[in-house]
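Residue numbers (this note's numbering): 851 to 1075.
Each remark here refers to the structure printed beneath this line.
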């Protein structure tokens, strides 16, 4: 079992050939606790490529948490495996849909349906999830604002990265509006220009923007050490 003050992970290997990992998650998955989720996925991923993530005890998932999962899923699929979700509370499920992650990662109402997706018999024994007490998540300090930037493409690209690192859930229009606000002060940007900029920065989808935010949080954490 892996745990931090805010996140506990209980993993069980099941299935006919012991090739499916059920990871029961409890607590909060944010920039701090996403590290332990990454480690557990990486450790089990040496031998297992099929994962069921049980979110029944998860109360909050930040961009860092989603980013960790998205970073792993491609590798598992290339090896014939996959990652699926199950048993999210309403608030977490709403974010999952809002980010359109349902187009990338499958969700099932319960563990039994998840096992059927992986071709396991309905009678496969399922371990009980650990039910720890979820401790209070500390409030992170507000991110520092990037000063207004003008003119050069480099400044514009840096501003886009900063906005997305702070607000990975923004869509293209919201990013554009933020750039044109008094805070950043860029002149009116056309839709096509915004699209091409985001594409050139490899930030043209919500999944990529979440991954970018996770990387930015990880870098900032290392610099604070």
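Positions of the beta carbon are idealized from the N, C-alpha and C atoms, including for glycine.
Quick one, are the C-beta atoms of residue i and residue j less than 7 Å apart?
i            : j            : result
residue 1060 : residue 944  : no
residue 858  : residue 876  : yes
residue 903  : residue 873  : yes
residue 1034 : residue 1009 : yes
residue 911  : residue 870  : no
residue 956  : residue 918  : no
residue 796  : residue 1013 : Since the first and last residues shown for the chain are 851 and 1075, residue 796 lies out of range.
residue 915  : residue 959  : no
With DSSP as the reference, label residue i as helix, strand or coil.
i            : result
residue 1005 : helix
residue 1076 : With the chain represented from 851 up to 1075, any question about residue 1076 goes unanswered, as that position is not in the structure.
residue 1010 : helix
residue 1028 : helix
residue 919  : helix
residue 945  : helix
residue 898  : coil
residue 983  : Confidence in residue 983 is poor, its pLDDT being 31 and thus under 50, which makes the residue's placement too unreliable to answer from.
residue 1073 : helix
Here's the rule: buried if 16 or more other CB atoms are within 10 angstroms of the residue's CB, otherwise exposed. What is residue i?
i            : result
residue 1003 : exposed
residue 1056 : buried
residue 907  : buried
residue 939  : exposed
residue 1031 : exposed
residue 1045 : exposed
residue 948  : exposed
Kindly identify the DSSP beta-bridge partner or partners of residue i.
i           : result
residue 904 : 874 and 936
residue 957 : 935
residue 860 : 874
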